[in-house]
Structures are given as structure tokens and as C-alpha cells.
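Heads up, the thing below is written out as C-alpha cells.
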Amino acid sequence: MFDPVQVEVMWNRLITNLEEQAKTLIRTSFSNILSDAGDLSAGLFDSRGNMIAQANTGTPGHINTMALGVRHFLEKFPRERLGQGDVLIGNNPYEISGHLLDVTIVTPVFYDANLIGYFASTCHVTDIGGRGYNPEAESIYEEGVHIPYMKYYYSGQLNESLQSIIETNVRAPFEVLGDLRAQVVAQEVAIRRLLEMLEEFSLTEIDTLGREIIHRSEKAMRKALTDIPDGVYGNELYTDGVAEPIKIKCSVSIQGDEFTVDFTGSSPASSKGVNVSLYYTLAYVTYAIKAAIAPDIPNNEGSFRPVHVDAPEGSVLNASHPMPTAARHIIGHFAPVCVLGALYYAIPDATIAEGATSIWSMQVYGEDLQGESFSYVTFSTGGMGARPTKDGLSATGFPSGVRGTPVEIIESNSPLVIYQKELRPDSGGSGRYRGGLGQIIRFGVRTYKPWHFPTMFDCMNYPPRGLAGGKPGAKAEVLLNDQTYLESKRLYTFDPEDTVTLKLPGGGGYGKPEKREPEMVNFDVVNGYISWDTAEADYDVVEEKYQRISH
Amino acid sequence: MSSIRVGVDIGGTFTDIVILDETGDRYFGKTLTTYPDPSAGFIKGLDENLEKYGFSYNDITTIIHGTTLVVNALIERKGVKTALITTKGFRDQIEIGNENRYDLYDLFIEKPTTLVPRSSRYPVTERILNDGTILTSLDEAEVKDIFKKADAQGVEAVAVCLLHGYKNDIHEKRIYEIAQEVAPHIRVSLSSEVSPEIREYQRASTTIANVYVQPLVEQYLTKLESDLIDRGFNGQFHLMLSGGGTCTIETACRFPIRILESGPVGGSIAGAFYSKLCDFDNLHVFDMGGTTAKASLVDNGEPLITNEFEVGREHRFMKGSGMPVKVPVVEMIEIGAGGGSIAHIDRMDLLKVGPESASSEPGPACYGKGGTQPTITDADLILGYLNPDYFLGGEMHLDVEAAYRAIEEKVAKPLGLNPVEAARGIHRVVNENMASAARIHAVEKGKDIRNYPLFATGGAGPVHVCNVAHILGVSEVISPVGAGVCSAFGFLSSPLSFDFVRSYSGRLDQLDLREVTRLLKDMENEGESILKQSGVKDADMKVIRTCEMRYAGQNHDITVPIPNGEINSASIQTIQENFKQQYEKLYSEASEGVPIETVNWRVVVQGPHPELFINSSDEKLEMNPPVKNKRDVYFNEYTDYKMTPVYDRSTLTPGVEIPGPAIIEEKESTMVVTPTFKVSVDRYFNLILNAKVDAIYDDKDRKQQQYV
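Protein chains in written order, with the UniProt record's numbering: chain A, 1 to 551; chain B, 1 to 708.
See below:
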């Protein structure tokens with residue numbers, strides 16, 4: 001038994017240890033996805049595969065998926081089949097984080113001859129072959145290399161066969177193998193630190209400490225859940241889908257300290273790669289719940305235990321082999337938003353209105369002016385939904401945590417030219433608190449050849465909805481040469497002189513617009529966040545009042 | 001008549017003064033910072049201390065000044081009404097920022113409010129591409145209209161940040177000229193001058209911050225200088241730069257953003273000075289004060305410099321919650337762990353400390369000013385580290401009972417511990433927090449923190465340093481004389497210098513070498529002329545070139561030394577080797593065959609390092625140091641309080657050696673020497689602590705028993 005101070009001290013050490021692992025990984029990685037977007041996770045597991053702690057860097061999509069995914073590695077490789085110097089690898093999308101691009105590496109930790117636990121990390125690699133990072137494929141076979149659970153290192157020896165298979169099948173072998181290597185090295189560093197810590201505290205295993213951590217987290221999570229009024233709360237929303245709209249429907253049941261989400265009634269799986277694995281669905285749902293009621297409870301087995309998520313097998317939120325999944329985030333990010341909408345009926349002060357939700361990844365490929373082929377991806381975000389006490393954040397991602405790329409960097413690293421990247425006035429839903437604004441992005445390509453643009457967007461038919469009387473945000477629009485409307489998910493080919501304009505959606509409002517403080521309406525008009533027309537139409541303002549305030 | 005150098009550091013609470021005379025004697029002064037005009041306190045403090053120590057204003061050869069003026073003006077939004085002129089289509093860059101949420105789990109975060117509201121951001125028709133070519137020419141008529149409009153609205157300052165202005169400044173320069181014609185009274189800062197670096201958001205933010213505080217800084221410094229001259233001062237008046245050097249008033253007025261962190265960097269600079277003086281290759285400057293703890297690393301006698309800084313990380317010191325500023329700044333991490341940090345129980349029923357602070361009002365419970373929250377100071381008092389009757393040299397009495405009550409009520413009872421165990425827990429948890437932050441910082445920099453002896457400053461630094469050292473596996477600690485006014489002393493050791501940067505991206509093997517040479521020469525010429533104006537001789541000038549480089553495809557730059565002189569194919573070879581070397585240092589292995597890219601080229605033009613003599617003594621008195629008294633002190637290594645000798649630091653002379661456990665008191669701080677350390681006094685009167693050779697942590701058995 002440990003006293004509470006010892007638990008705190010040692011827990012803190014474990015998290016520091018994992019932070020060190022994540023920082024080492026980010027520092028030594030080659031792809032920008034890791035260093036810029038932080039699209040990775042790092043965790044420590046006890047000897048039975050329960051996640052004890054995780055670095056703070058993880059994106060929501062990786063947090064819980066890795067916690068569950070590691071179990072599958074251990075089923076395949078029970079402890080008697082593991083030795084010092086072994087390292088496991090795998091990227092099963094249905095059993096880990098939802099698409100082949102996320103590769104998980106698991107390293108067993110030995111104290112003397114005893115296997116005492118595992119370090120694991122999941123990273124989004126630059127490429128995994130197949131049709132790339134888009135929803136075009138119609139089955140996993142078209143999506144790239146599926147690495148079965150296997151040994152990447154065997155007693156310290158690299159699995160050369162696997163290495164050359166990966167090398168031959170991905171578009172950026174140097175970056176991909178570099179990132180995998182970074183994962184392996186970072187875990188070696190983490191193991192060294194953990195063993196030093198065990199020495200210092202005279203421990204020989206981590207299960208006892210792990211149990212304590214898991215127990216305390218579970219207790220805290222359950223306590224937080226009991227503060228939500230019991231009941232069954234439902235919500236449904238539509239996304240643009242690929243060929244036809246996709247419905248996400250959830251029923252959230254809170255009974256005492258158990259939280260259950262059932263996605264029955266959601267659309268069946270799509271023929272395109274927007275299908276979501278159940279673990280990814282669970283990961284984002286858990287994230288949303290924690291953000292709403294328990295942001296300070298760390299991620300580990302214990303804090304996940306009271307949360308149950310289910311979706312019918314074969315539905316869009318529970319993809320199974322061989323359904324395509326590459327762009328699963330497009331739909332997956334709506335699951336937590338749907339759940340937050342249901343939670344509004346239970347805890348209205350802790351939930352937020354719908355926002356742009358899906359990431360706007362602008363992917364362009366073709367040939368540059370020198371005739372060299374290029375492929376470039378950059379991320380942007382629309383508006384976040386308004387909050388019960390504040391306006392929504394403009395041009396800010398939710399639920400994902402991606403970062404945008406500066407225009408000067410985009411233009412320096414690619415033949416793209418951005419002609420406009422500005423907030424989109426009037427796109428935030430009106431309300432007592434206004435939804436965050438989307439953006440307008442207009443760009444072209446410096447090229448002599450036709451160029452390709454696969455659209456992977458959403459909210460073009462279904463705008464983000466408001467809450468508590470707030471109005472919806474503006475729908476997204478995508479235009480060619482500011483004239484022709486484009487579809488939300490299709491591969492387009494354009495002429496060199498063409499330009500594309502993206503109008504990203506704004507967030508929904510919260511509360512009735514007539515309750516908005518006149519000063520805030522005035523501020524929005526003066527600064528051009530909303531037009532005078534919107535102010536007149538949605539808010540209870542008269543011209544004299546506006547003029548009085550503005551002088 | 002004497003010849004003295006003076007360092008003046010204006011902090012939030014205190015204005016510190018250090019006087020160093022030509023014989024190496026140091027004199028310290030501390031006075032309260034005055035509001036709203038901190039120059040009043042500066043002059044008053046200097047008047048008093050000069051008189052007290054028998055000097056006059058015309059004895060002063062140099063004053064070096066650091067101040068929190070700029071950072072405070074930015075945080076409190078006290079600058080002038082400022083507008084932004086930017087490329088049409090991009091007026092919201094400073095609001096869009098990097099589009100992310102710095103805290104994923106907080107749905108209610110706020111982004112920093114921009115210094116320029118949207119209505120004062122003026123787009124202008126023009127466009128330059130990333131290679132510097134002009135896509136659309138500048139619409140000059142539009143610019144004229146903007147200035148007229150801005151002037152009519154009472155705008156006093158304008159920041160100009162055009163896309164790719166770092167690459168081609170022709171439009172920005174032209175806007176400046178037009179401003180001079182149309183509205184010469186409006187101050188204008190150009191991004192191509194203030195921060196010519198790629199990344200429009202950060203560059204715009206920096207340029208805006210610069211011009212926003214400019215009038216304030218000009219007014220303050222001009223007045224201060226004339227006040228000093230009125231009093232007979234005829235020496236040089238220099239400002240401390242955030243990146244470690246010093247500059248003239250003129251430069252500070254032109255680029256006030258460069259003196260942003262001029263106060264806090266002094267501690268790191270002092271660390272750098274002592275690391276050279278006392279032959280430490282590396283130091284970890286550990287400054288723990290009332291509300292926060294700061295850590296910075298000194299490598300081979302030089303503090304680590306970064307070019308990224310955030311002003312006012314108000315959200316739990318979180319990265320991303322402040323306003324970005326790209327200027328050279330001594331790299332420092334700051335966490336919410338100071339004497340006033342509050343201990344509380346979290347949802348996991350565990351003990352946490354900070355970042356919330358009881359500040360100075362009401363302060364820790366033991367201050368007896370109405371505070372009821374248990375703080376680190378309260379824990380340190382209960383553990384016997386602090387003397388209730390000798391806090392701030394006895395100026396303040398601490399209430400032990402109140403500390404007990406707060407800790408018992410808020411920590412001990414909820415956790416089922418007794419108050420002493422709880423106090424021990426608080427002390428331990430905060431040490432762990434600080435050690436953890438320092439360790440992660442070192443990892444990010446590719447350093448092993450175990451190779452960094454700790455340099456303890458700040459009021460609470462010496463109290464916690466031994467235990468922090470123990471956690472980090474560091475066996476050496478140094479605590480200088482006047483640890484409480486370390487920053488002001490650090491100023492005195494800084495050379496006049498100035499930093500320049502230009503972005504020139506490209507593959508190393510495809511650079512236009514003549515262009516690179518020209519770029520570097522331009523920066524050097526500018527620097528040399530600035531230094532020449534300040535009276536530095538050509539022969540005394542030193543040029544340090546670096547370049548931020550990376551493997552193509554990576555996004556993390558590393559700083560690589562660049563040879564001086566003309567850049568030719570031989571120097572490219574050297575640069576490539578330097579890159580590989582630096583890369584291996586940071587990441588353990590370099591890659592073969594991957595092209596290398598350059599990003600930003602930097603030049604530091606430096607005057608001579610001032611030669612500082614500080615008093616030393618080679619006399620070794622083999623005497624037993626006088627024990628002031630004894631008191632019960634709690635150490636991790638023992639199961640109960642232990643009667644521990646207390647020494648007065650001012651009575652300790654070179655050669656003295658004291659084995660831990662021991663307490664060494666001075667006015668501003670208390671050095672707690674744990675049983676695993678021994679302390680000696682070196683010839684400069686520094687306390688040098690070393691882990692005892694036989695200091696195997698002998699509580700292992702005890703711990704094991706507890707775990708069973």
C-alpha cells in the first residue's frame with residue numbers, strides 16, 4: 001500500500017516519463033503530422049494490458065483507441081511469446097485507431113526476467129500506400145499496407161522483411177520508416193526511465209501502483225457521472241455523407257455512475273472510406289464526456305471503465321473488415337457532437353452548440369511549374385459552437401485539435417497560392433452567445449498542367465445547429481472560380497488558372513438572439529463579424545440605438 | 001572619485017539595485033516598485049543607495065536597466081491605439097492564429113484578445129509571393145486613404161505586416177514613406193524591420209506589439225535619462241535585451257519589443273557569468289519566487305536562446321494561451337510553483353500544489369493577513385525550513401499556528417495524514433512538479449538534465465534546491481551572494497549587442513551563395529553601425545552567425561553555427577558538418593542522404609564582454625563557523641524532526657565546510673542543506689553544495705518497510 005503522497009509522486013513520475021517519451025518521439029519524427037498536429041499518443045500499460053497513464057499530447061482519436069488496441073496485440077502475443085528486445089507493430093484499423101495510417105508500436109518492459117508492463121505509441125504516418133489519405137477507396141484492400149500484429153524487432157533484431165515491405169509500398173518511405181524508428185527509440189528511452197524510477201522507489205513491478213491509479217481514476221469518474229441527472233437522452237444529426245446523407249443517432253443513458261451510449265439507428269456503413277471503427281467512436285465520445293464533466297481526470301483504464309459505447313456492427317460508426325476507413329475522421333468527429341447534443345438535456349450548462357466539426361483538409365496534387373509532381377495537404381477549421389456563457393471560438397477545431405499552417409509556409413512548401421484567408425462574416429449562428437465564425441479561403445495553383453483536388457468536406461447541406469434557441473451557423477460552400485458550386489466529397493480536376501473558394505461553416509449560437517447584450521451586437525457590427533442586415537434580422541436592435549452606442 | 005557600474009532591475013514588486021565598484025566590491029539595494037511611474041522608484045532607490053554607500057551620480061560609468069514595463073503594458077493592454085495594415089485578403093491572420101485549442105479538455109478557453117480590433121485592421125491591395133516577386137503592385141492611393149482614416153480615428157501607431165514582407169520589403173518600405181508624407185506623427189513599425197521571419201501570424205503579432213508599446217517606452221526612457229543627467233550622471237545608459245545583450249536607449253525606443261523580458265533574463269545571465277567564473281560547463285538556473293518557479297539552462301557558459309516567446313500565458317501557463325512574439329529571448333520555462341502556491345486535494349483524492357497562488361494578498365496562511373489556504377511557504381515553515389522570526393531578515397513575523405491550521409484543515413484531514421506528513425507531502429509534490437518541468441524542458445532541447453548543476457536563486461529557490469537536485473539526480477548546487485538581486489547583477493556582465501534575422505529558405509546545396517553572403521553582410525553592417533554609434537571600437541566587435549536548419553520535410557529547426565566571412569562552397573561543407581554535429585547532439589543520430597534546408601539566418605553583433613572583478617578571498621580560515629542557533633527541522637531522510645544547526649550566511653567565509661543537515665539564513669532567503677549534501681564557501685563567497693560521497697539514500701529500508 002502507498003500513502004496518497006507516494007501515489008501522487010509516483011503517478012507524476014509516470015506521466016513525466018510518458019511526456020519524455022512523447023517529446024522524444026516528436027523531436028525525432030520526420031513527418032509534420034507528428035510535430036505540427038501532435039497526431040500521436042504514448043501510454044504505459046500494466047502487465048495485463050491495462051492502460052495506467054498517458055502523455056498529455058494525445059489527440060482524442062488516439063487516446064482511448066490505443067488503450068483498447070494494445071489488448072489485441074497481447075492476445076496474439078501472450079507474455080510467454082515475448083522476450084527482451086522484442087517490439088510489436090500493427091495497424092489494424094478495426095481494432096485500433098480506425099485507419100491504416102495510424103501505426104501502433106508496443107514494447108514489453110522487463111524487470112530482471114519478469115515482464116512487468118508495456119509502453120505503446122500510436123502515430124499517424126505520412127503515407128501507408130493505397131489510395132492515400134482520402135475516402136476514395138471502397139475496401140481496405142485499396143487503402144494500403146495492412147500490417148498484421150507482428151514483431152517489428154525480435155530480440156533486438158529488426159524484422160528486415162517487414163521493413164522492406166513497408167519501404168516498397170509507401171510513398172514516403174524515408175519519413176514513414178523514420179517515424180517508426182522514432183517510436184521504437186522513444187519507447188527505449190521510456191523503459192530506461194521507468195526502470196530508474198523503480199530502483200529509486202524500490203519497486204519491482206508496476207501493477208500495484210497501476211491498480212491504485214486506475215482505482216482512484218475510476219472512482220473519480222464515477223463520482224462525476226453521478227452528478228449528471230439519471231435518464232435517457234437522445235439526439236440525432238445528419239452529415240452530408242458521400243453519396244447520400246449519413247445519420248448519426250444516439251441514445252445516452254445515465255444510470256447512477258454508468259454512462260452508456262447506443263448509436264442504434266445510425267446509418268449503415270458507406271461504400272467510401274468514411275467508416276468509423278467502434279474504438280474511434282468510443283474514443284471521441286469519451287473525450288467529449290470528459291471535456292464536459294471531468295477534464296481534470298487523467299486518461300487511463302479507470303476513467304474509461306464507466307463509459308460504454310455501442311453501435312450496430314456494420315453501421316457507419318462500427319466498421320468491420322473489409323470496409324474502407326481512411327477518412328474516418330470526417331464522420332467520426334460527429335459522434336461526440338451528437339452525444340454532447342444529447343447531454344444538453346441533462347447538463348445544459350456544460351455542453352456547447354454544434355460547430356464545423358469536421359476538419360477541412362485541403363489536399364491538392366499535380367505538377368509544379370518545374371514539372372515535378374507534388375502532393376500537399378493542409379488543415380483548416382471552421383467555427384466552434386457557442387458556449388453557455390461565451391461566444392464560440394472562430395476558426396478553431398472541435399473536437400479535433402489540429403493546427404493550421406501559415407499561408408507563407410504553404411506557399412513556400414507547395415505551388416499553391418492563397419488569395420484570401422479570412423474570417424467569414426455572418427457565418428456564426430446568432431444567439432445570446434454567437435457561434436464562432438468560419439473562414440473564407442481562396443486559392444489557386446502555380447502550374448501549367450491540370451491539377452487535382454479531392455474534396456473531403458462536410459456541413460454543406462446540414463449546417464451546425466444552435467442550442468437553447470440559438471440559430472444555426474452558416475453552411476459550408478465550395479466554389480470553382482467563385483461561380484460553380486462543388487460537391488462535398490469528390491475528386492475534381494481543374495485547369496491551371498482555376499481558383500477554388502472554400503467557405504467554411506460557422507458554429508451554431510447558444511440561447512435566444514434577443515437576449516444578446518446590445519453592446520455585443522454593436523461590437524460585432526462595428527468589427528464586421530456580422531452585417532447590419534443580420535443584426536437587424538436576428539437581434540432586437542434599432543438603428544438609433546446602434547448609432548448611440550457606436551458614438 | 002570612484003568608478004562604478006550599476007544594474008537596476010524593476011520587477012513587479014521590488015526594484016533591485018546592484019552597484020559594483022572598481023575594486024570588485026558589490027553593494028545591494030532593494031526598494032518597492034512605484035506605480036504608475038516606476039521611474040520614480042528607480043531614481044529614489046538609486047539616490048538612496050548611492051548616498052548610503054558613499055557614491056555620486058558622476059561616479060557611474062554605466063547603468064544597465066531591465067524592466068517589466070513592456071511585458072506589463074502588453075498584458076494589461078496599456079499601449080496606444082494601434083492599427084494594422086496588411087495584404088488584402090488576410091486582415092484576420094492575428095485572430096485566426098494557429099486555429100487550435102491549447103487545452104483540448106477545456107470547452108471554455110479564451111484566445112488572447114488581439115491588440116488591434118478587427119475594425120482597425122486595414123487590408124491594402126498588393127501581393128508579393130514567397131520568392132519575393134511582385135504579383136500585385138501596391139495601391140498607394142489606398143495607403144494614403146488608410147492613414148487619413150486612421151488618423152481621423154485617433155490611431156497613434158500602425159503596424160505594417162504584408163505577406164512575404166520578410167522576403168521583399170519594398171511595399172512595406174513604401175508604406176512607411178507614404179505615412180511620413182500623410183501622417184508623420186503616427187508611429188509606424190514594419191514587420192520587415194521588427195521581425196523579418198516567415199510565418200505571418202507571429203510576425204504580425206510581434207510588429208503590432210512593438211509599435212503598441214513604443215510611445216510608452218520612449219516617454220519612460222527619455223524622462224528617465226533626463227532625470228539621471230539632471231542629477232549629474234554622464235555615463236552610458238543601456239537597456240537589457242531579452243536575448244541577453246544590452247542596447248542603447250535609441251535602439252530600445254525603436255525596437256521596444258526586444259526589451260520584453262529584460263528583467264527575468266538577468267537571472268540566467270548571472271547564471272552564465274557564474275558558470276564561467278566558477279568553472280561549471282553547464283548550469284540549470286533555478287529561480288523560485290513568490291508565485292512561480294523559472295528554470296533556464298546555461299550551456300558552456302551561454303544561456304540557451306529561443307526565438308519564440310508568448311506574452312501572458314494566462315491559462316495555467318499553458319503553451320498557446322499567450323500572444324506570440326518572435327524575438328530572441330533567453331529560453332525559460334515558468335510553472336505555477338512559488339512560495340504562495342496553494343495546496344489542494346483533487347478529484348482523485350490526491351495532493352496537488354498550484355498553479356493557483358495566494359499571491360502577496362492575502363498571502364500564505366502564515367503571513368497572518370487573512371489567508372486560509374495552505375501554501376508552500378506554510379509547509380516550509382512547519383517543516384522548520386523557515387524561521388518564523390527571521391523572515392525577510394525579521395521584517396515579517398510568520399504565524400506557525402495559522403500554517404498548521406490551514407494545512408490540517410485543507411490537506412491533512414482529507415488525506416488522513418497528520419499535519420507534518422501533509423506538510424512534507426506539499427514540499428515533496430512541488431519539488432516533483434518543478435523537477436518534472438525542468439526534465440521535460442531539457443528533453444525537448446535534447447539535453448540530459450543530470451549534467452546541469454543547479455544555480456539557486458529567488459526567495460524560495462535555496463529552500464527547495466537540494467531536494468529538487470536529488471530528484472533530478474544532480475549532485476552539485478551553487479548559490480551566489482545576493483541571490484535575491486541576482487538579475488540586476490546579471491545585467492552588469494552583458495555586452496552591448498544586437499541580433500538580426502533574415503529568412504532565406506532553400507536547400508543548402510542549391511543556395512545562391514552570393515545572396516547569402518550579401519544577406520549576412522547587410523545584417524553585420526547594420527549591427528556594426530549601431531555599436532559604433534554607442535562607442536564600441538571596430539576591433540572589439542564580434543560577429544556570431546547562426547542559421548536555423550532542418551532536414552527537408554522536418555518542421556523542427558536546429559540552430560547551426562555559420563563561419564564568418566564570405567560563404568563559398570568550402571563553407572557550405574563546414575555548415576553541413578556543423579549541422580550534422582548539432583543534429584547528433586540533439587537527436588542522437590543524423591541521417592545520410594537527406595537534403596538539408598535553411599530557414600532563418602541570424603547574426604549577433606556584439607561589443608566586448610565587460611570585465612567584471614568581483615571580490616574574492618584566497619584566505620582560508622580553518623575555523624568552525626559560528627552556529628547562530630539550533631532548531632527542529634524535518635528531513636525526508638529521517639523519520640522525525642532533527643535538531644539542526646542554523647548559520648548566518650554573512651559569517652561564513654571561504655574555506656568553511658559544513659555537512660548537512662544545516663540551515664543557512666540570509667535576509668532574502670534560507671538555504672536548506674539536506675543530510676545528503678555538504679556545503680562549502682568558495683573564494684567568491686558562493687555556497688557550493690555537493691552530494692556526500694557516501695550519500696546513498698539510506699531511507700530505502702524504511703521505505704520498503706512502508707510498502708510491505
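By construction, the Cβ of each residue, glycine as well, lies at the ideal position given by its N, Cα and C atoms.
Q.
Check whether chain A comes within 8 Å of Ile-696 of chain B, counting only Cβ atoms and requiring the distance to be less than that.
A. Residue numbering aside, residue 696 of chain B sits at position 696 when the second sequence is read from its first letter. In this prediction, Ile-696 of chain B scores a pLDDT of 45, lower than 50, which makes its location untrustworthy; no coordinate-derived value is stated.
Q) Which class does Lys-630 of chain B belong to by DSSP, given the choice of helix, strand or coil? A) For the purposes of this step, residue 630 of chain B is taken as residue 630 along the second sequence, with counting starting at 1. Strand, per DSSP.
Q. So which of A:Ile-359, A:Thr-493, A:Arg-193, A:Phe-259 has the shortest CA-CA distance to Val-307 of chain A?
A. By 1-based counting over the first sequence, the position of residue 307 of chain A is 307. The candidate whose alpha carbon is nearest that of Val-307 of chain A is A:Phe-259.
Q. Which class does Leu-69 of chain B belong to by DSSP, given the choice of helix, strand or coil?
A. The sequence position of residue 69 of chain B within the second sequence is 69, counting from 1. Leu-69 of chain B falls in the helix class under three-state DSSP.
Q: Could you name the residues of chain B that Arg-387 of chain A contacts, counting a contact when the two beta carbons are closer than 8 Å?
A: The sequence position of residue 387 of chain A within the first sequence is 387, counting from 1. Correct list: Leu-107, Phe-108.
Q. Using a Cβ-Cβ distance under 8 Å, would Glu-536 of chain A count as near chain B?
A. Counting from 1 along the first sequence, the entry for residue 536 of chain A is found at position 536. Chain B contact via Cβ: absent.
Q.
Against Tyr-201 of chain B, what residues of chain A qualify as contacts under a CB-to-CB distance less than 7 Å, listed in chain order?
A. By 1-based counting over the second sequence, the position of residue 201 of chain B is 201. The contacting residues are Pro-406.
Q) For Phe-317 of chain B, which residues of its own chain have a beta-carbon under 8 Å away from its beta-carbon, when the five flanking residues on both sides are left out? A) Your numbering for residue 317 of chain B matches position 317 in the second sequence. The residues are Thr-292, Glu-334, Ile-335, Gly-336, Pro-355.
Q | Sequence-distant residues of its chain with Cβ nearer than 8 Å to Thr-33 of chain B (five each side left out) | A | Along the second sequence, one-based indexing puts residue 33 of chain B at 33. These residues qualify, in order along the chain: Ile-10, Gly-11, Gly-12, Thr-13, Phe-14, Thr-15, Gly-41.
(Q) Taking 8 Å as the threshold (beta carbon to beta carbon), is Ser-119 of chain B in contact with chain A? (A) Here the question's residue 119 of chain B lines up with position 119 in the second sequence. Yes, Ser-119 of chain B lies at the interface with chain A (some Cβ there is under 8 Å from its Cβ).
Q) Does the distance from the CB of Ile-64 of chain B to the CB of Phe-233 of chain B come in under 8 Å? A) To locate residue 64 of chain B, count along the second sequence from 1; it is residue 64. To locate residue 233 of chain B, count along the second sequence from 1; it is residue 233. No.
**Q.** Span of the beta strand (DSSP E) around Gln-363 of chain A
**A.** Taking the first residue of the first sequence as position 1, residue 363 of chain A is located at position 363. Gln-363 of chain A -> beta strand (DSSP E) spans 360 to 367.
**Q.** Which listed residue (B:Glu-172, B:Glu-619, B:Thr-670, B:Leu-115) has its alpha carbon closest to that of Ile-128 of chain B
**A.** Mapped onto the second sequence, residue 128 of chain B falls at position 128. That would be B:Glu-172, whose Cα lies nearest to the Cα of Ile-128 of chain B.
Q) For Leu-46 of chain B, which of B:Asn-210, B:Leu-228, B:Lys-692 has the nearest alpha-carbon? A) To locate residue 46 of chain B, count along the second sequence from 1; it is residue 46. The candidate whose alpha carbon is nearest that of Leu-46 of chain B is B:Leu-228.
Q.
If I follow the unbroken beta strand (DSSP E) through Phe-500 of chain B, where does it start and stop?
A. Counted from its first residue, the second sequence places residue 500 of chain B at position 500. Phe-500 of chain B -> beta strand (DSSP E) spans 497 to 507.
Q: Leaving aside the five residues before and after Ser-139 of chain A along the sequence, list all residues of the same chain whose C-beta is less than 8 Å from its C-beta, in chain order.
A: Along the first sequence, read from residue 1 onward, the residue named residue 139 of chain A stands at position 139. Same-chain partners within the cutoff: Pro-322, Met-323, Pro-324.
Q) Helix, strand or coil: which one does DSSP assign to Ala-282 of chain B? A) The sequence position of residue 282 of chain B within the second sequence is 282, counting from 1. Sequence check: residue 282 of chain B is Asn here, not Ala. It is a strand residue.
Q: Taking C-beta pairs closer than 9 Å, name the residues in chain A that Phe-90 of chain B reaches, listed in chain order.
A: As a position in the second sequence, residue 90 of chain B is number 90, starting the count at 1. Neighbours of Phe-90 of chain B on chain A, chain order: Val-407, Ile-418, Gln-420, Lys-421, Glu-422.
Q. Taking Cβ positions, are Pro-505 of chain A and Ala-346 of chain A nearer each other than 8 Å?
A. By 1-based counting over the first sequence, the position of residue 505 of chain A is 505. By 1-based counting over the first sequence, the position of residue 346 of chain A is 346. Cβ atoms of Pro-505 of chain A and Ala-346 of chain A: not closer than 8 Å.
(Q) Within 8 Å of any Cβ in chain B, is that where the Cβ of Gln-439 of chain A sits? (A) Within the first sequence, the letter at position 439 stands for residue 439 of chain A. Chain B contact via Cβ: present.
**Q.** Residue burial classification, Val-8 of chain B (beta-carbon count within 10 angstroms, cutoff 16)
**A.** One-based indexing of the second sequence puts residue 8 of chain B at position 8. With 16 or more other Cβ atoms inside 10 Å of its own Cβ, Val-8 of chain B counts as buried.
Q) With a CB to CB cut of under 7 Å and the five nearest residues on each side skipped, what residues in its chain are close to Thr-546 of chain B? A) What you label residue 546 of chain B is simply residue 546 of the second sequence in a count that begins at 1. Thr-559, Val-560, Pro-561, Ile-562, Arg-602, listed in sequence order.
Q | Sub-8 Å separation of Cys-247 of chain B and Val-217 of chain B beta-carbons | A | Translated into positions along the second sequence, residue 247 of chain B becomes position 247. Translated into positions along the second sequence, residue 217 of chain B becomes position 217. No, they are not a contact pair.
Q: Whole angstroms is fine: what's the gap from Arg-450 of chain B's alpha carbon to Leu-472 of chain B's?
A: Translated into the one-based positions of the second sequence, residue 450 of chain B becomes position 450. Translated into the one-based positions of the second sequence, residue 472 of chain B becomes position 472. Between Arg-450 of chain B and Leu-472 of chain B, the C-alpha separation is close to 6 Å.
Q) Taking Cβ-Cβ distances shorter than 8 Å, what residues in chain A pair up with Arg-347 of chain B? A) Counting from one through the second sequence, the residue named residue 347 of chain B turns up at place 347. Under the 8 Å cutoff, chain A gives Ala-220, Lys-223, Ala-224, Ala-294, Asp-296, Ile-297.
Q. Relative to chain D, which residues along the stretch 500 to 527 of chain A have a C-beta separation below 8 Å, given in chain order?
A. Annotation note: the requested chain D is absent from the structure, which comprises protein chains A and B.
Q: Please list the partners that Glu-205 of chain A has in chain B, where partner means a Cβ-to-Cβ separation under 7 Å.
A: Within the first sequence, numbered from 1, the residue matching residue 205 of chain A stands at position 205. Near Glu-205 of chain A there are no residues of chain B at all, since even the closest Cβ is about 11 Å away, more than 7 Å.
Q) Can you tell me the Cα-Cα spacing of Tyr-284 of chain A and Ser-253 of chain A, whole angstroms? A) Within the first sequence, the letter at position 284 stands for residue 284 of chain A. Within the first sequence, the letter at position 253 stands for residue 253 of chain A. Between Tyr-284 of chain A and Ser-253 of chain A, the C-alpha separation is close to 17 Å.
Q.
Suppose contacts are defined by Cβ-Cβ distances below 8 Å. Is Pro-464 of chain A in contact with Thr-357 of chain A by that definition?
A. By 1-based counting over the first sequence, the position of residue 464 of chain A is 464. By 1-based counting over the first sequence, the position of residue 357 of chain A is 357. Against a cut-off of 8 Å, the Cβ pair of Thr-357 of chain A and Pro-464 of chain A comes out as a contact.
Q. Which residues in the same chain as Ser-430 of chain A place their Cβ atom closer than 6 Å to its Cβ, once the five residues preceding and following it in sequence are excluded?
A. The residue labelled residue 430 of chain A in the question sits at position 430 within the first sequence. Correct list, in chain order: Lys-471, Gly-509, Pro-513, Asp-538.
Q: Assign Pro-626 of chain B to buried or exposed, taking buried as 16 or more other Cβ atoms, counted over all protein chains shown, within 10 Å of its Cβ.
A: The residue given as residue 626 of chain B occupies position 626 in the second sequence. Under this definition Pro-626 of chain B is an exposed residue.
Q) Could one say the Cβ of Val-194 of chain B lies closer than 8 Å to chain A's Cβ atoms, at least one of them? A) For the purposes of this step, residue 194 of chain B is taken as residue 194 along the second sequence, with counting starting at 1. Interface residue (Cβ-Cβ distance to chain A less than 8 Å): Val-194 of chain B is not classified as such.
Q. Among B:Val-474, B:Ile-575, B:Val-213, which has the Cα closest to the Cα of Val-285 of chain B?
A. Taking the second sequence and counting its residues from 1, one reaches residue 285 of chain B at position 285. The alpha carbon of Val-285 of chain B has as its nearest neighbour, out of B:Val-474, B:Ile-575, B:Val-213, the alpha carbon of B:Val-474.
(Q) According to DSSP, is Asn-56 of chain A part of a helix, a strand, or is it coil? (A) Here residue 56 of chain A refers to the residue found at position 56 when the first sequence is read from its first residue. If DSSP states are grouped into helix, strand and coil, Asn-56 of chain A belongs with coil.
**Q.** Cβ pair Gly-40 of chain A, Cys-123 of chain A closer than 8 Å
**A.** In the first sequence, residue 40 of chain A corresponds to position 40, counting from 1. In the first sequence, residue 123 of chain A corresponds to position 123, counting from 1. Sequence check: residue 40 of chain A is Leu here, not Gly. Cβ atoms of Leu-40 of chain A and Cys-123 of chain A: closer than 8 Å.
Q: Tell me whether Gln-706 of chain B sits in a helix, a strand or coil according to DSSP, three-state version.
A: The count along the second sequence starts at 1 and reaches residue 706 of chain B at position 706. Residue placement at Gln-706 of chain B is poorly supported in this model, since its pLDDT is 34, which falls under 50; the coordinates still yield a value, given next. Helix.
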